[in-house]
Amino acid sequence: MDTAAPVPGTACPVALPRRAGIGLRHPHVPAFLAEDRPDVAWVEVHSETYLVAGGPRLSALEAIRRDYALSCHGVGLSLGGAGGLDTTHLANLRRLYDRLRPEQISDHLAWTGAGGTYLNDLLPLPLTAETRDVVAANIAHAQDVLGRRLLVENPSLYMPLTLPPGVEAIPEPQFLADLVARTGCGLLLDVNNVVVCAHNLGFDAAAYLADFPLEAVGEIHVAGHRREAFAPWVGPDAGAGGVVLIDDHGSRVSDTVWDLLAGVLARTGPLPVLVEWDMDVPPLEVLLGEAAHAQSLLDGVAPHA
Amino acid sequence: MLEAFQRQMQRALLAASGGGVDLAPGAVAEARLKIYRANVQQSLAEALAAAFPVTLRLLGLPAFRAAALDFVRAHPPTRPQLAAYGGGFPAALAPLDTGAADMARLEWAVMEAYFAADAPALTAERLAAFPPGDYARLRFTAHPAARVLWLGHDVLPLWRQAQEDEALPLPVPDAVDGEVLVLRPADGIVCVSLPPGAAAAIQSLLNGDMLTQAAEAGLLVEPELDLQAMLHMLLAQGALAGASL
Chain S
275 MDTAAPVPGT ACPVALPRRA GIGLRHPHVP AFLAEDRPDV AWVEVHSETY LVAGGPRLSA
335 LEAIRRDYAL SCHGVGLSLG GAGGLDTTHL ANLRRLYDRL RPEQISDHLA WTGAGGTYLN
395 DLLPLPLTAE TRDVVAANIA HAQDVLGRRL LVENPSLYMP LTLPPGVEAI PEPQFLADLV
455 ARTGCGLLLD VNNVVVCAHN LGFDAAAYLA DFPLEAVGEI HVAGHRREAF APWVGPDAGA
515 GGVVLIDDHG SRVSDTVWDL LAGVLARTGP LPVLVEWDMD VPPLEVLLGE AAHAQSLLDG
575 VAPHA
Chain G
2 MLEAFQRQMQ RALLAASGGG VDLAPGAVAE ARLKIYRANV QQSLAEALAA AFPVTLRLLG
62 LPAFRAAALD FVRAHPPTRP QLAAYGGGFP AALAPLDTGA ADMARLEWAV MEAYFAADAP
122 ALTAERLAAF PPGDYARLRF TAHPAARVLW LGHDVLPLWR QAQEDEALPL PVPDAVDGEV
182 LVLRPADGIV CVSLPPGAAA AIQSLLNGDM LTQAAEAGLL VEPELDLQAM LHMLLAQGAL
242 AGASL
C-alpha cells in the first residue's frame, strides 16, 4: 500500500479481495456501523466526498474501514488535464489516503476542468499521441505524490470527437495499454462504460474487450445505465443525437453487462468486482443482491495461475 | 491541440447555450455536447440544492434553480471538493431576496461546521486549573466548528422548523437582526440564538483576544450582558478547544 510508485512494465497486483464489493453511499452508512454488519467483501467510496477536515462523515468511514477492505475511487484528478495536475488537490488526497490506508486507489481517463476550474463531470479526451504524453506524465506525477499505484478507468462517452486531418487516433485499448507500459499504473475496467460507449459511439463492445489489456486490470466496475430516446432536459433539439445511453449508475446492472462480465472473468479468473449505484440509491438489500449476482459469476470461474 | 480543445469545451459547458467545439462538428456531436452541459450545470446546481435545502424551500424550486444555474455558470468550483462549493452563493442571493440570503448564510455556516476539523472540547475542569486571579488574561482557542453569524432576518426558528418537518411551508422570515452561534458538539450541529452583546464577546474570544477584551467588546453592545452565563454556555456546547495565559 505504502510502497513507492510502481516500476513501469510490472504486472498489476490485485490489492482488493477478488470478490464482489459495493459502492458505499450515505444512506447505507448506518447499516455498516451497526452490530450486524452487511456481508460484503469490500467497499468503495469517491475520494473527493471525504476531502473534508473532520466531522462525522469522515469518522464514520474510518470506523467502517476497520472492518472492510477499502477502495478510494477518485473523480477529480483530471488525468487528461493539459495543464497538469492540481498539486493542492494531490496533497489533500495524499493526506486522506495516508489516513484511510485504502487497499486500492483509482481515477479516470478523463479531464474534469481547465485553468483551475472543476466541472464535476468526466469529460472526453481526443486519444492522440499528444494526449498520451499528457496523461502518462500526469499519472506518473500522481503516483509519485500519492506513493501508490493508480488504477485508471476507461471512461463513458457521449460525444464523438473528430480529429484534424493528419492527426491519428489511438484506439482506446491500445491507449490504455500504452499508459500501463509507460507508468506502471493498473487499469480499472468498467464493463458498463464499454457498453455505453459502444452504443453511443458505434463500436462493438466484444471487439473492444478482445483488445483490452486484461493483464493490467486490478478491479472491475459494473453499474446500470438508462436509455434516453431524446433528451428533453437538454433542450428540444437534442434529439439529433438519437437514442443515447446515459451512464447514471441509477438502476440494476443490465443483462448485456452481466454477460460481458462473465466473458471477461472467464479470461482473467476472479477479480475484485464492484457494483456501483449512485443515483436513486436503492435499499441496501437490492445493492447486496446485485453484489451477490456478481459473486455468483466470480464463483463460477476458476482462479488463474 | 489538447489545451485549446479543453478551454473551448469548458467555455461551451459553462455557457447558457450555444458555443461550439472544433473537435465536435456536426449535428450529432452538437446534440451530444448538450448532455455534457446538462451534466455539468445540473449536477453543480444539485450540489447547491443539497447544501442549501431550506433556502430552496424559501425561494421555491424554480427561483432557486434559476439562481443556482446563474451562480454555477459564473462561479464554477475551483477544486474537486463539492463539500466546499457554495460559499459565495449567499452573497449571490442577496440582490434577489435578502431573507433567503440570510438563510443561505446560516446553512453555509452549518455546512462549514459539519465538515470542520475535529478537536476535543475545553472542559470546565481544565479551566478550573487556572488561578482565578488570572482569568481576565486568559485566551481561548476556538473549536474549529464554532462560528458566529450576524443576520438581518430571524431565520433560525424557520431553519429549526424545517429540520423537524420536511413538508411544512415556510413563511417569509422577519427582517429582525439576530445573532447565531453555530457549533458541533459531538457529531451533531447546534445553533444557539445569542442574547444582545454575546455575539461581539464570543467573536472576540474566538479570535483569540483576552477574556477581558472580549468582555469589553460585549459590554459595549449590552451593559447587562451576563458574561458568566455566556462562558458556561460556551463550555457546555464545546465552543472552545483550549485556554492559555
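Residue numbers (the numbering used here), protein chains in the order written: chain S, 275 to 579; chain G, 2 to 246.
Even for Gly, the Cβ is constructed at its ideal location relative to N, Cα and C.
Values in this document were obtained by computation on a predicted structure and should not be read as measured data.
Residue i in three-state terms, based on DSSP
{"i": "R501/S", "result": "strand"}
{"i": "E4/G", "result": "helix"}
{"i": "H76/G", "result": "coil"}
{"i": "S430/S", "result": "coil"}
{"i": "E404/S", "result": "helix"}
{"i": "V193/G", "result": "strand"}
{"i": "V288/S", "result": "coil"}
{"i": "A101/G", "result": "helix"}
{"i": "A242/G", "result": "strand"}
{"i": "A443/S", "result": "coil"}
{"i": "G563/S", "result": "helix"}
{"i": "G19/G", "result": "coil"}
{"i": "W507/S", "result": "Bear in mind that the predicted position of W507/S carries a pLDDT of just 45, short of 50, making it unreliable; the figure below should be weighed with that in mind. In this structure, W507/S counts as helix in the three-state DSSP scheme."}
{"i": "E493/S", "result": "strand"}
{"i": "G198/G", "result": "coil"}
{"i": "A294/S", "result": "strand"}
{"i": "L425/S", "result": "strand"}
Cβ distance (whole Å) where residue i is taken to contact residue j below 8 angstroms
{"i": "V236/S", "j": "A294/S", "result": "In this structure chain S extends from 275 to 579, so residue 236/S is not present and cannot be described."}
{"i": "H578/S", "j": "D552/S", "result": "Between D552/S and H578/S the Cβ distance is about 31 angstroms, and since that is not below 8 angstroms, they are no contact."}
{"i": "M211/G", "j": "R140/G", "result": "6 angstroms"}
{"i": "I539/S", "j": "V496/S", "result": "This sequence places Leu at residue 539/S; Ile is not what is there. Actually they do not touch by this definition, with Cβ atoms about 11 angstroms apart."}
{"i": "L425/S", "j": "L461/S", "result": "6 angstroms"}
{"i": "G198/G", "j": "L184/G", "result": "About 19 angstroms separates the two Cβ atoms, so there is no contact after all."}
{"i": "N428/S", "j": "L383/S", "result": "6 angstroms"}
{"i": "A490/S", "j": "V454/S", "result": "4 angstroms"}
{"i": "L483/S", "j": "V468/S", "result": "6 angstroms"}
{"i": "V317/S", "j": "L545/S", "result": "Not confirmed; about 16 angstroms, so no contact."}
{"i": "P312/S", "j": "L344/S", "result": "That belief does not hold up - the Cβ atoms of P312/S and L344/S are roughly 14 angstroms apart, past 8 angstroms."}
{"i": "A403/S", "j": "T457/S", "result": "So it is not a contact: roughly 16 angstroms between Cβ atoms."}
Where residue i falls, given that 16 or more other Cβ within 10 Å makes a residue buried
{"i": "V441/S", "result": "exposed"}
{"i": "P91/G", "result": "buried"}
{"i": "T362/S", "result": "exposed"}
{"i": "R369/S", "result": "exposed"}
{"i": "R12/G", "result": "exposed"}
{"i": "V225/G", "result": "A small correction: the amino acid at residue 225/G is Glu; Val does not occupy that position in the sequence shown. Exposed."}
{"i": "T124/G", "result": "exposed"}
{"i": "H347/S", "result": "buried"}
{"i": "E257/S", "result": "Coverage of chain S is limited to positions 275 through 579, which leaves residue 257/S absent and any answer about it impossible."}
{"i": "Q229/G", "result": "exposed"}
{"i": "P172/G", "result": "exposed"}
{"i": "P557/S", "result": "exposed"}
{"i": "G19/G", "result": "exposed"}
{"i": "G189/G", "result": "exposed"}
{"i": "G498/S", "result": "buried"}
{"i": "E108/G", "result": "buried"}
{"i": "Q164/G", "result": "exposed"}
{"i": "T405/S", "result": "buried"}
{"i": "R501/S", "result": "exposed"}
{"i": "V177/G", "result": "exposed"}
{"i": "H300/S", "result": "exposed"}
{"i": "V408/S", "result": "buried"}
{"i": "P78/G", "result": "buried"}
{"i": "V517/S", "result": "exposed"}
{"i": "S570/S", "result": "exposed"}
{"i": "S245/G", "result": "exposed"}
{"i": "E167/G", "result": "exposed"}
Heavy atom of the ligand MN within 6 angstroms of residue i beta-carbon
{"i": "S333/S", "result": "This structure lacks the ligand MN; in fact it carries no ligand of any kind."}
### Query
Enumerated in chain order, which unbroken segments of the alpha helix (DSSP H) with a length of 4 residues or greater are wholly contained in the stretch 106-191 of chain G?
Runs found: 125-129 and 157-165.
### Message
Threshold first: 3 residues or longer. Then list the beta strand (DSSP E) segments lying entirely within the stretch 515-561 of chain S, N to C.
### Response
When DSSP assignments are scanned along the stretch 515-561 of chain S, the uninterrupted stretches of beta strand (DSSP E) that are 3 or more residues long and fall wholly within it turn out to be 518-520 and 547-550.
### Query
What are the complete beta strand (DSSP E) segments, minimum 3 residues, inside the stretch 343-399 of chain S?
Within the stretch 343-399 of chain S, the complete beta strand (DSSP E) runs of at least 3 residues are 343-347 and 378-382.
### Message
Could you check whether the stretch 341-361 of chain S touches the stretch 141-160 of chain G, counting it as contact only if at least three pairs of C-beta atoms, one from each stretch, sit closer than 8 angstroms?
### Response
The stretch 341-361 of chain S vs the stretch 141-160 of chain G: no contact.
### the stretch 21-38 of chain G contacting the stretch 52-69 of chain G, beta-carbon criterion three pairs below 8 angstroms
Three or more beta-carbon pairs separated by less than 8 angstroms are not found between the stretch 21-38 of chain G and the stretch 52-69 of chain G, which leaves the two stretches without contact.
### Inter-stretch contact (C-beta, 8 angstroms, three-pair minimum) for the stretch 112-122 of chain G and the stretch 321-332 of chain S
Yes, since at least three Cβ pairs between the stretch 112-122 of chain G and the stretch 321-332 of chain S fall closer than 8 angstroms, the two stretches touch.
### Task
Report yes or no: do the stretch 93-109 of chain G and the stretch 150-163 of chain G share at least 3 C-beta pairs separated by less than 8 angstroms?
Yes, the stretch 93-109 of chain G is in contact with the stretch 150-163 of chain G.
### Task
Flag this pair as touching only if the stretch 519-534 of chain S and the stretch 461-473 of chain S have three or more C-beta atom pairs under 8 angstroms; answer yes or no.
A contact exists between the stretch 519-534 of chain S and the stretch 461-473 of chain S.
### Message
Could you check whether the stretch 19-37 of chain G touches the stretch 335-350 of chain S, counting it as contact only if at least three pairs of C-beta atoms, one from each stretch, sit closer than 8 angstroms?
### Response
Taking a cut-off of 8 angstroms on C-beta distances, the stretch 19-37 of chain G does not touch the stretch 335-350 of chain S, as fewer than three cross pairs fall below it.
### Length-filtered (4 minimum) alpha helix (DSSP H) runs lying within the stretch 299-326 of chain S
If you keep only unbroken alpha helix (DSSP H) runs of at least 4 residues inside the stretch 299-326 of chain S, you get 303-307.
#### Entry: Length-filtered (3 minimum) beta strand (DSSP E) runs lying within the stretch 438-482 of chain S
Inside the stretch 438-482 of chain S, DSSP marks whole beta strand (DSSP E) runs of 3 or more residues at positions 460-464, from first to last along the chain.
#### Entry: Cβ pair count under 8 angstroms reaching 3, the stretch 391-408 of chain S against the stretch 430-440 of chain S
A contact exists between the stretch 391-408 of chain S and the stretch 430-440 of chain S.
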